[in-house]
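**Q**
2 protein chains.
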Amino acid sequence: MTSAQRRPRGRPSQPVLTAERITEAAVRLVEARGHDALTVAALARELGVAPSALYNHVSTKNEVLRRVQDHVNREVDCSAFGRLPWDEALAAWARSYREVYARHVPLVPVIAVTPVRGAPHTLAMYERVAAGLRAGGWPEHLLVDAVVAVESFVLGSALDTQAPPDIFEPGEHAGSAPTFAAAVRARGGGDAAGAAFELGLGALVAGLRAVLAAADGAGAPDPRGS
Amino acid sequence: MTSAQRRPRGRPSQPVLTAERITEAAVRLVEARGHDALTVAALARELGVAPSALYNHVSTKNEVLRRVQDHVNREVDCSAFGRLPWDEALAAWARSYREVYARHVPLVPVIAVTPVRGAPHTLAMYERVAAGLRAGGWPEHLLVDAVVAVESFVLGSALDTQAPPDIFEPGEHAGSAPTFAAAVRARGGGDAAGAAFELGLGALVAGLRAVLAAADGAGAPDPRGS
DNA sequence: ACCTGAACACCGTTCAAGT
DNA sequence: ACCTGAACACCGTTCAAGT
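From first to last, the protein sequence lines stand for chains C and L. Count along the first sequence from 1, add 484, and you get the number used in my numbering. Count along the second sequence from 1, add 484, and you get the number used in my numbering.
(1) Which class does L:L627 belong to by DSSP, given the choice of helix, strand or coil?
(2) Classify L:F565 as helix, strand or coil using the three-state DSSP reduction.
(3) Sorted by chain position, which residues of the same chain lie with C-beta nearer than 7 angstroms to L:V634's C-beta, five sequence neighbours on each side aside?
(4) With C:D571 as the anchor, note down where its alpha helix (DSSP H) starts and where it stops.
(5) Interface residues of chain C around L:Q646 at Cβ under 9 angstroms?
(6) Which residues in chain C sit within 9 angstroms of L:E656, going by Cβ to Cβ distance?
(7) Considering only C-alpha positions, which residue in the set C:A679, C:E572, C:E656 and C:E515 is nearest to L:A608?
(8) Kindly give me the distance between the Cβ atoms of C:V592 and C:L639, rounded to whole angstroms, as I take these residues to be in contact under 8 angstroms.
(9) Shorter than 9 angstroms from the beta carbon of C:P623 to some beta carbon of chain L?
(10) Quick one: using the 10 Å Cβ neighbour count with 16 as the cut-off for buried, is C:P662 buried or exposed?
(11) Against L:T663, what residues of chain C qualify as contacts under a CB-to-CB distance less than 8 angstroms, listed in chain order?
(12) Anything in chain L within Cβ reach of C:F565, meaning under 9 angstroms, just list it in chain order.
(13) Can you say whether L:A677 is buried or exposed, counting buried as having 16 or more other CB atoms within 10 angstroms of its CB?
(14) Identify the continuous alpha helix (DSSP H) that holds C:N540 and give its terminal residues.
(15) Taking the alpha-carbon of C:V556 as reference, which of C:E572, C:E508 and C:A528 has the nearest alpha-carbon?
(16) Give the single residue among C:L692, C:R601 and C:V695 whose Cα lies nearest to the Cα of L:F664.
(17) Is L:R505 buried or exposed, if buried means 16 or more other CB atoms sit within 10 Å of its CB?
(18) Starting from C:R671, find everything on chain L with Cβ-Cβ shorter than 9 angstroms and list it in chain order.
(19) Mapping the DSSP letters down to three states, classify L:F652 as helix, strand or coil.
(20) Output, in chain order, the set of chain L residues within a Cβ distance shorter than 7 angstroms of C:D650.
(21) Evaluate L:V500 with the Cβ neighbour count: other Cβ atoms within 10 Å of its Cβ, from every protein chain shown; 16 or more gives buried, anything less gives exposed.
(22) Compare the beta carbon distance of L:V542 and L:A603 with 9 angstroms and say whether it is the shorter of the two.
(23) Shorter than 9 angstroms from the beta carbon of C:L522 to some beta carbon of chain L?
(24) Can you give me the Cβ contacts of L:V695 inside the same chain, cut-off strictly under 6 angstroms, excluding the 5 residues immediately before and after it?
(25) Going by C-alpha distance, which of L:L522, L:D520, L:R567 and L:A596 is nearest L:A642?
(26) For the segment 547 to 554 of chain L and the segment 644 to 654 of chain L, state whether three or more C-beta atom pairs, one from each stretch, are separated by less than 8 angstroms.
(27) Since C:S543 meets chain L, which of its residues come closer than 7 angstroms, beta carbon to beta carbon?
(28) Listed in chain order, which residues of the segment 675 to 688 of chain L have Cβ atoms closer than 9 angstroms to some Cβ of chain C?
(29) Have a look at C:Y581 and C:L538 and give me their C-alpha separation to the nearest angstrom.
(30) With respect to the alpha helix (DSSP H) encompassing C:T598, which residues constitute its N-terminal and C-terminal limits?
(31) Would you mind sorting C:T486 into buried or exposed? The rule is 16 or more other CB atoms within 10 Å of its CB.
(32) Apart from the five residues just before and just after C:R612, which ones in its own chain have a Cβ nearer than 7 angstroms to its Cβ?
(33) Tell me which residues share the same chain as L:V589 and place their Cβ nearer than 7 angstroms to its Cβ, disregarding the 5 neighbours each side in the sequence.
(34) Buried or exposed for L:G691, please, with buried defined as at least 16 other CB atoms from any protein chain shown within 10 angstroms of its CB.
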């Protein structure tokens with residue numbers, strides 16, 4: 485069904501413009517010069533064609549973005565599932581996921597709304613996560629919600645990596661926010677976004693353990709410890 | 485220091501263009517016609533001036549966006565702090581926060597990187613949250629990380645509200661993702677994004693209760709229940 | 001001090017014309 | 001079938017000229 489297959493005779497000729505080639509060029513461009521550099525004009529330049537030529541193979545720039553996003557998802561490491569208990573594997577997946585999207589922040593709003601059909605690598609990632617959670621005892625009906633919850637936290641945390649280190653410095657209005665200002669001062673230096681992510685990830689995964697235990701049956705211990 | 489103060493004599497004259505007025509007009513525009521309608525040209529039109537006139541009062545469109553974001557934060561309901569236990573108040577705050585940013589999705593990447601200095605309403609929100617958590621027993625050094633963790637989850641969940649209902653429908657590649665496809669089918673219909681948010685919020689808050697209990701002292705029960 | 005109007009350097013996208 | 005080149009309808013921003 486590709487245009488290569490529709491080219492049955494004659495010499496192999498020159499490399500042809502395809503959606504796949506456009507995606508690869510877009511990934512190259514983003515990796516080399518960042519997301520701001522990904523314009524239709526730059527993409528066409530990279531491929532040695534006129535900008536309008538691209539529209540014979542993709543219908544919109546957003547389609548290119550969706551293809552890039554699926555491509556980027558291959559970088560997310562799901563290998564911990566099957567090797568570690570589900571909760572540790574989930575945390576490892578979340579760490580890798582966040583790291584990848586911290587390098588591709590403009591794709592965060594894209595992945596949040598892009599259907600998995602037509603995004604094979606994204607689908608493959610979810611399959612590995614789902615299989616790992618099922619093997620860990622998660623019931624089918626809660627599984628997707630649990631994945632989405634972790635994903636929401638991960639993507640929000642990926643955005644947070646872009647915050648300047650002094651984002652919470654209250655400046656001139658410190659007097660009107662004494663409690664918060666003191667808490668900001670008491671916060672450890674260094675990788676603040678990373679510390680918040682680890683705190684939240686630990687809490688979220690612990691809470692999910694409790695959800696699973698409660699779903700498993702009434703004999704499970706009370707996770708609140710009260 | 486405002487331009488009104490620098491206008492000591494003469495009649496009150498006509499309403500003057502100020503950063504505050506520009507912000508109000510921007511909020512009006514967004515509320516009436518959505519974020520896509522917020523262009524410099526439309527904003528100038530709303531105010532009855534030439535687009536270039538705005539640059540006498542704000543240095544960039546992004547500054548307008550930051551001002552709108554701070555304004556929007558007033559809508560987030562923090563009233564549960566002081567009225568309810570910290571964990572319930574935190575959950576109520578998170579629900580309101582998500583709801584507001586679900587209506588202002590384009591502001592999500594803005595709030596994630598905007599310093600609180602010069603954002604008085606945002607700072608006031610954090611102060612109420614911080615005071616509520618302190619009263620609930622949270623130590624200063626963990627407080628901001630806990631808030632950031634919840635915020636990351638909230639903002640990710642706000643993005644997730646924009647996902648189409650069939651975002652996880654695997655389509656033609658369902659065969660390569662049987663576990664995930666089955667879990668998607670087993671998922672309840674209705675407000676899927678809402679269900680994932682509530683599952684994650686419950687888990688995150690439960691996990692934070694455990695973090696606090698562990699920080700409070702060695703006598704606290706083991707949250708894992710093992 | 002602050003507004004206007006023209007201009008600039010971009011965007012993504014369309015489409016008639018070519019081959 | 002697919003590419004080029006010109007054009008379109010926008011963007012945000014700058015700046016000389018006015019008052």
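Backbone N, C-alpha and C fix where the C-beta goes; we use that ideal spot for every residue, glycine too.
**A** If we stick to the structure as given:
(1) Here residue 627 of chain L refers to the residue found at position 143 of the second sequence. It is helical.
(2) Counting from one through the second sequence, the residue named residue 565 of chain L turns up at place 81. Of the three classes helix, strand and coil, the one that applies to L:F565 here is strand, per DSSP.
(3) On the second sequence, position 150 is the one that residue 634 of chain L refers to. Contacts found: L574, A578 and L688.
(4) Translated into positions along the first sequence, residue 571 of chain C becomes position 87. That run of the alpha helix (DSSP H) goes W570 to A586.
(5) Against the second sequence, residue 646 of chain L aligns to sequence position 162. The contacting residues are P593, A596 and V597.
(6) Indexing the second sequence from 1 puts residue 656 of chain L at position 172. Within 9 angstroms Cβ-Cβ: R601 and G602.
(7) Counted from its first residue, the second sequence places residue 608 of chain L at position 124. When each option's Cα is compared against that of L:A608, the closest is C:E656.
(8) Here residue 592 of chain C refers to the residue found at position 108 of the first sequence. Here residue 639 of chain C refers to the residue found at position 155 of the first sequence. With a Cβ gap of about 5 angstroms, C:V592 and C:L639 count as contacting.
(9) Mapped onto the first sequence, residue 623 of chain C falls at position 139. Closer than 9 angstroms to some Cβ of chain L, the Cβ of C:P623 qualifies, so yes.
(10) Within the first sequence, residue 662 of chain C is the residue found at index 178, counting from 1. Exposed, because fewer than 16 other Cβ atoms sit within 10 Å of the Cβ of C:P662.
(11) One-based indexing of the second sequence puts residue 663 of chain L at position 179. Ordered by position in chain C, the residues that pass the 8 angstroms Cβ test against L:T663 are E611, A614, A615 and R618.
(12) Counting from 1 along the first sequence, the entry for residue 565 of chain C is found at position 81. Those do not exist, as C:F565 stays about 11 angstroms from chain L at its closest Cβ, beyond 9 angstroms.
(13) In the second sequence, counting from the first residue as 1, residue 677 of chain L sits at position 193. Buried.
(14) As a working note, residue 540 of chain C is residue 56 in the first sequence. It is not in any alpha helix (DSSP H) - C:N540 carries neither H nor E in the DSSP assignment.
(15) Counting from 1 along the first sequence, the entry for residue 556 of chain C is found at position 72. Nearest C-alpha to C:V556: C:E508.
(16) Counting from 1 along the second sequence, the entry for residue 664 of chain L is found at position 180. Residue C:R601 is the option with its Cα nearest to L:F664.
(17) Here residue 505 of chain L refers to the residue found at position 21 of the second sequence. Classification for L:R505: exposed.
(18) The residue given as residue 671 of chain C occupies position 187 in the first sequence. Simply E624, H625, L626, L627, V628 and D629.
(19) By one-based count along the second sequence, residue 652 of chain L stands at place 168. Residue state, collapsed to three classes: coil.
(20) The residue you call residue 650 of chain C lines up with position 166 of the first sequence. The contacting residues are P599.
(21) One-based indexing of the second sequence puts residue 500 of chain L at position 16. Exposed is the call here.
(22) For the purposes of this step, residue 542 of chain L is taken as the residue at position 58 of the second sequence. For the purposes of this step, residue 603 of chain L is taken as the residue at position 119 of the second sequence. The answer is no: Cβ separation not under 9 angstroms.
(23) Within the first sequence, the letter at position 38 stands for residue 522 of chain C. C:L522 does not count as touching chain L.
(24) Numbered from 1 along the second sequence, position 211 holds the residue referred to as residue 695 of chain L. Counting only Cβ-Cβ distances below 6 angstroms, and skipping sequence neighbours, we find nothing.
(25) Counting from one through the second sequence, the residue named residue 642 of chain L turns up at place 158. Among L:L522, L:D520, L:R567 and L:A596, the Cα nearest to that of L:A642 is on L:A596.
(26) no
(27) Within the first sequence, numbered from 1, the residue matching residue 543 of chain C stands at position 59. None at all; the shortest Cβ gap to chain L is about 17 angstroms.
(28) A676, A677, A679, A680, F681, E682, L683, G684, L685, G686, A687 and L688
(29) For the purposes of this step, residue 581 of chain C is taken as the residue at position 97 of the first sequence. For the purposes of this step, residue 538 of chain C is taken as the residue at position 54 of the first sequence. Their backbone Cα atoms lie some 30 angstroms apart in a straight line.
(30) Taking the first sequence and counting its residues from 1, the one referred to as residue 598 of chain C is at position 114. From DSSP, C:T598 is part of no alpha helix (DSSP H); its letter is neither H nor E.
(31) Taking the first residue of the first sequence as position 1, residue 486 of chain C is located at position 2. Because C:T486 carries a pLDDT of 36, less than 50, the predicted location of this residue cannot be relied on, and no value is offered for it.
(32) For the purposes of this step, residue 612 of chain C is taken as the residue at position 128 of the first sequence. So the list reads C562 and F565, once near-sequence residues are dropped.
(33) Here residue 589 of chain L refers to the residue found at position 105 of the second sequence. Closer than 7 angstroms at Cβ, skipping near neighbours: A642, L643 and Q646.
(34) The count along the second sequence starts at 1 and reaches residue 691 of chain L at position 207. Buried, because 16 or more other Cβ atoms sit within 10 Å of the Cβ of L:G691.
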